[in-house]
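A.B. asks: Residue numbers (the numbering used here): 72 to 398. Heads up, the beta-carbon is just placed ideally off N, CA and C, and yes, glycines get one too. Since this is a predicted model, take the numbers as computed values, not measurements.
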């Protein structure tokens with residue numbers, strides 16, 4: 072895929088290639104998946120948005136794989152009442168597996184077994200849609216007492232190449248607190264994102280690691296503090312849960328994660344951001360979803376060559392399909 076060659080940001084310096092990977096600073100990854108997927112109706116009447124395939128793999132499985140690769144052992148999926156299909160994707164289907172094995176469909180069998188084998192999956196229910204902060208708060212009761220931080224991955228955000236959570240973990244190990252992820256967006260697009268107000272770190276060898284002074288939700292272009300937009304990956308210090316209990320609910324009674332992070336900053340907690348120089352696809356809207364599918368397919372050994380050939384023909388001046396007539 073085109074993003075595969077993009078560099079992954081690293082804090083100060085990357086570990087030596089022969090070194091054993093450092094232990095992750097989190098064991099639990101939280102994935103909020105309680106939304107209705109209205110932008111994809113009517114498809115999402117019966118299929119949860121998170122299970123729509125990016126080529127041949129559901130988006131939430133890609134996110135779960137990213138979390139597992141970065142050291143998570145538990146995935147907490149925050150769902151809404153009656154939305155059971157997302158969690159069911161991570162449950163073994165022994166009947167299907169048996170049929171595939173009997174028919175010699177071993178490649179398909181391997182694909183089917185992948186999701187249940189990634190990590191332990193727990194679900195919690197967000198009874199009412201009261202904001203991202205409220206959704207994340209539902210995960211607190213399932214954490215172990217010794218878990219000092221959690222990862223949060225928004226399933227609408229597909230961040231490539233994988234590895235940014237590893238970088239964020241290294242930043243937390245060095246600097247403590249909460250670590251966020253950003254992408255740099257054009258000035259004329261800042262009003263579509265939560266945007267970070269940042270400051271350089273005098274002791275940072277990597278300019279892609281910055282201190283966060285604040286966040287502004289969907290600012291006007293001339294009021295944006297930077298072009299660094301939130302990219303759907305968070306490593307949150309456990310103090311976030313106490314902050315969520317103390318913030319004032321906003322419109323509709325919603326608890327916003329940005330308000331809780333702002334409270335932590337105001338109280339002197341360290342909050343940093345890693346600027347990811349790879350790619351991000353927004354699976355939450357049809358346009359971004361289509362771009363993600365094309366990106367993944369182009370990188371596929373199975374689908375890439377034929378897709379490239381077809382795209383070259385489709386985009387050429389020679390493309391002129393005609394309706395066949397009987398005369």
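Quick one, are the C-beta atoms of residue 422 and residue 144 less than 8 Å apart?
C.D. replies: Since the displayed the chain opens at 72 and closes at 398, residue 422 lies outside it and no answer follows.
A.B. asks: Hey, residue 262 and residue 291: beta-carbon distance below 8 Å or not?
C.D. replies: In this structure, residue 291 lies closer than 8 Å to residue 262 by Cβ.
A.B. asks: With three or more beta-carbon pairs closer than 8 Å as the criterion, would you say the stretch 316–330 touches the stretch 205–216?
C.D. replies: Verdict: yes, contact present.
A.B. asks: Would you mind reading off the limits of the alpha helix (DSSP H) that contains residue 171?
C.D. replies: Here the alpha helix (DSSP H) through residue 171 covers 165–173.
A.B. asks: What residue range does the alpha helix (DSSP H) around residue 318 cover?
C.D. replies: Segment: none, residue 318 is in no alpha helix (DSSP H) and carries neither H nor E.
A.B. asks: Distance, Cα to Cα, residue 182 vs residue 367?
C.D. replies: Their backbone Cα atoms lie some 16 Å apart in a straight line.
A.B. asks: In the structure shown, what three-state DSSP assignment does residue 375 receive?
C.D. replies: Correct three-state label for residue 375: helix.
A.B. asks: Inspect the beta-carbon positions of residue 196 and residue 147 and report whether they are closer than 8 Å.
C.D. replies: Their beta carbons are not under 8 Å apart, which means residue 196 does not touch residue 147 by this criterion.
A.B. asks: Residue 238 to residue 141, Cα distance in whole Å?
C.D. replies: Cα to Cα, residue 238 sits roughly 9 Å from residue 141.
A.B. asks: Scan the stretch 82–147 and note each continuous alpha helix (DSSP H) run of 4 residues or more that stays entirely inside, going in chain order.
C.D. replies: You should have 130–140.
A.B. asks: With distances taken from CA atoms, which of 221, 346, 123 and 322 is nearest residue 357?
C.D. replies: Looking at the Cα atoms, 123 is the closest of the given residues.
A.B. asks: Just to confirm the assignment: which complete beta strand (DSSP E) runs, minimum length 3, are found wholly within the stretch 152–218?
C.D. replies: The qualifying runs are 191–196.
A.B. asks: Give the DSSP-derived three-state secondary structure of residue 360 in the structure shown.
C.D. replies: Of the three classes helix, strand and coil, the one that applies to residue 360 here is helix, per DSSP.
A.B. asks: When you compare only the Cα positions, how much space is there between residue 224 and residue 296?
C.D. replies: Taking the straight line joining both Cα atoms gives about 24 Å.
A.B. asks: Considering only the alpha carbon of each residue, which of 242, 188 and 397 lies closest to residue 132?
C.D. replies: When each option's Cα is compared against that of residue 132, the closest is 188.
A.B. asks: Between which residues of its own chain and residue 150 is the CB-CB distance below 8 Å, once the five residues before and five after are set aside?
C.D. replies: Excluding residues within five positions, the ones whose Cβ falls inside 8 Å are 104, 105, 157, 158, 194, 195, 196 and 197.
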